[in-house]
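Here's the structure we're looking at; comments come further down.
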Amino acid sequence: MNILAIESSCDETAAAVVKDGRQVLSNVIASQVKEHIVYGGVVPEIASRMHAQAISAVTAKALDDASLTLDDIDCIGVTYAPGLIGALLVGVNFAKGLSYACGKPLVPVHHLRSHVAANYISSPALEPPFLCLIVSGGHTHIAAVNDYTDFRVIGRTRDDAAGECMDKSARSMGLDYPGGVNLDRVSGEGNPDVYHFPRPKVDGSRYDFSFSGLKTAVLNTVNQAKQKGEEICVPDLGASCIKTVVNCLTDNTFAAAEEFGFTRIAVAGGVSANSVLRKEMAAICERKGFELYMPELRFCGDNAAMVGSQAYYEYLAGNTASLELNAYATMEI
Ligand code: KG4
Ligand code: ZN
1 MNILAIESSC DETAAAVVKD GRQVLSNVIA SQVKEHIVYG GVVPEIASRM HAQAISAVTA
61 KALDDASLTL DDIDCIGVTY APGLIGALLV GVNFAKGLSY ACGKPLVPVH HLRSHVAANY
121 ISSPALEPPF LCLIVSGGHT HIAAVNDYTD FRVIGRTRDD AAGECMDKSA RSMGLDYPGG
181 VNLDRVSGEG NPDVYHFPRP KVDGSRYDFS FSGLKTAVLN TVNQAKQKGE EICVPDLGAS
241 CIKTVVNCLT DNTFAAAEEF GFTRIAVAGG VSANSVLRKE MAAICERKGF ELYMPELRFC
301 GDNAAMVGSQ AYYEYLAGNT ASLELNAYAT MEI
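Just so it is clear: in the sequence shown, position 105 is 105 by this note's numbering, and no numbers are missing.
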């Protein structure tokens, strides 16, 4: 089954063709990063306008790269939640138009479910159940993936997502958007033990996170150094910040895996590209005997191949939509 998938939830306009949920025939991404750099973050109105400008050409290229036409497509998958509402609406309306014009079923895909599905592409043998740490710019969840379309959130952030914390920390250190990526790059040579940031205590759940205190602590460190006229060593501060985030993520994930008896652990979302997180997850899994699954780097950030993968399983589960389909800024996984 060939699925044409469309993704426009944030600042990448993406289209892909995926066969039977796991085989990527094409994967096209038009990134808007250059447009948003000057503002230090994504400007929603600019994102929507750029999606509208790019989406036709990106979709045509995805079909072309797969050497297919719309006649060869069996169904259209599209990200409909959560994300920037104006950005999502561009993809949803375009997908609805295509579905109507060529009479192919429309499959709505939850953005975080599609991040999880990036693992099915990179690890063809992976099947639920498994535990997944989902870490993106807007979300941080520990989720039990009981089946392809059956998720249970075991832990979540109470405030900022891990990606948001790293993005804003990076910005306070003078690094360009997208901060998390640049923080990872400049922190490689840094000493992670120079700055000590307290680990937040989150009342009520052993598996929930809180990252806003760390973001503020990094900001305060930078501001206090400025006031005293001292130089900040960005690689050391960046490495210390990343170490604190990664320790929180791994601690809660492995505690949940042990408590709920999972032997397979996956990581998903843009932050799963972080080099320290990948190394730590690999080291702990090796030591404790868990099987680890991580998307290839090209499938960690937003892309449409992962949407095509999840759309396949949503279609099999009967989750199609009518032309009344709407987009939603927030939605439970
Ligand atoms: O999943 P994603 O591409 O978009 C959302 O759904 O939010 O995630 C974007 C987030 C941003 O916060 C970005 O800075 C972060 O992923 N990110 C990273 C790295 N690559 C992307 N954070 C840390 N290290 C990286 N290498
Ligand atoms: Zn994402």
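Note that the Cβ used here is the ideal one computed from N, Cα and C, for glycine as well.
Local conformation of residue i per DSSP, three classes
i           : result
residue 196 : coil
residue 319 : coil
residue 227 : helix
residue 78  : strand
residue 73  : coil
residue 290 : coil
residue 155 : strand
residue 164 : helix
residue 149 : coil
residue 140 : strand
residue 15  : strand
residue 297 : helix
residue 304 : coil
residue 332 : coil
residue 4   : strand
C-beta atoms of residue i and residue j nearer than 8 Å
i           : j           : result
residue 160 : residue 212 : yes
residue 108 : residue 321 : yes
residue 305 : residue 78  : no
residue 9   : residue 111 : yes
residue 3   : residue 75  : yes
residue 131 : residue 144 : yes
residue 242 : residue 183 : yes
residue 197 : residue 136 : no
residue 134 : residue 256 : no
residue 31  : residue 299 : no
residue 327 : residue 81  : yes
residue 234 : residue 181 : no
residue 191 : residue 236 : yes
residue 104 : residue 73  : yes
residue 202 : residue 208 : yes
residue 336 : residue 85  : Because the chain spans 1 through 333 in this model, residue 336 falls outside it and cannot be assessed.
residue 205 : residue 157 : no
beta-carbon residue i near the ligand ADP non-hydrogen atom, thresh 7 Å
i           : result
residue 270 : With respect to the ligand ADP, the structure offers nothing, as its ligand set consists of the ligand KG4 and the ligand ZN.
Cβ-Cβ separation, residue j to residue i (assumed contact under 8 Å), whole Å
i           : j           : result
residue 16  : residue 26  : 6 Å
residue 148 : residue 315 : In fact, because the Cβ distance is near 10 Å, the residues do not count as touching under 8 Å.
residue 21  : residue 309 : 5 Å
residue 91  : residue 55  : 7 Å
residue 173 : residue 238 : 7 Å
residue 119 : residue 5   : In fact, because the Cβ distance is near 16 Å, the residues do not count as touching under 8 Å.
residue 57  : residue 87  : So it is not a contact: roughly 17 Å between Cβ atoms.
residue 106 : residue 99  : 4 Å
residue 33  : residue 11  : 7 Å
residue 264 : residue 296 : Between residue 296 and residue 264 the Cβ distance is about 18 Å, and since that is not below 8 Å, they are no contact.
residue 341 : residue 245 : The chain is shown only over 1 to 333; residue 341 falls outside these bounds and no answer can be derived.
residue 288 : residue 254 : 7 Å
Legend entry - Sequence ranges, alpha helix (DSSP H) only - wholly within the stretch 89-135, length at least 4: For the stretch 89-135, whole alpha helix (DSSP H) runs of length 4 or above, ordered along the chain, are 111-122.
Inset, instruction - Can you check the stretch 236-287 for any beta strand (DSSP E) of at least 3 residues that lies completely inside it and give the ranges in chain order? - result: If we require 3 residues or more, the beta strand (DSSP E) runs fully inside the stretch 236-287 come out as 264-268.
Legend entry - Whole beta strand (DSSP E) elements within the stretch 19-67, 3-residue minimum: Listed in chain order, the beta strand (DSSP E) elements of length 3 or more contained wholly in the stretch 19-67 are 23-31.
Inset, instruction - Would you check if the stretch 32-39 and the stretch 170-180 touch, i.e. whether three or more CB-CB distances between them fall below 8 Å? - result: Contact between the stretch 170-180 and the stretch 32-39 is present, because at least three Cβ pairs lie under 8 Å.
Inset, instruction - Would you be able to state if there are at least three C-beta pairs under 8 Å between the stretch 290-307 and the stretch 203-217? - result: Flag = no, the stretch 203-217 and the stretch 290-307 do not touch.
Inset, instruction - Kindly confirm or deny that the stretch 161-173 and the stretch 56-76 touch, where touching means at least three C-beta pairs closer than 8 Å. - result: With the cut-off at 8 Å, the stretch 161-173 and the stretch 56-76 do not touch.
Inset, instruction - Evaluate the contact criterion for the stretch 219-230 versus the stretch 270-277: three or more CB pairs, one atom per stretch, below 8 Å. - result: With a cut-off of 8 Å, the stretch 270-277 and the stretch 219-230 do not count as touching, because too few Cβ pairs lie within range.
Inset, instruction - Mind the definition here: the stretch 236-255 touches the stretch 275-286 only if three or more C-beta pairs lie below 8 Å; say whether that holds. - result: Yes, the stretch 236-255 is in contact with the stretch 275-286.
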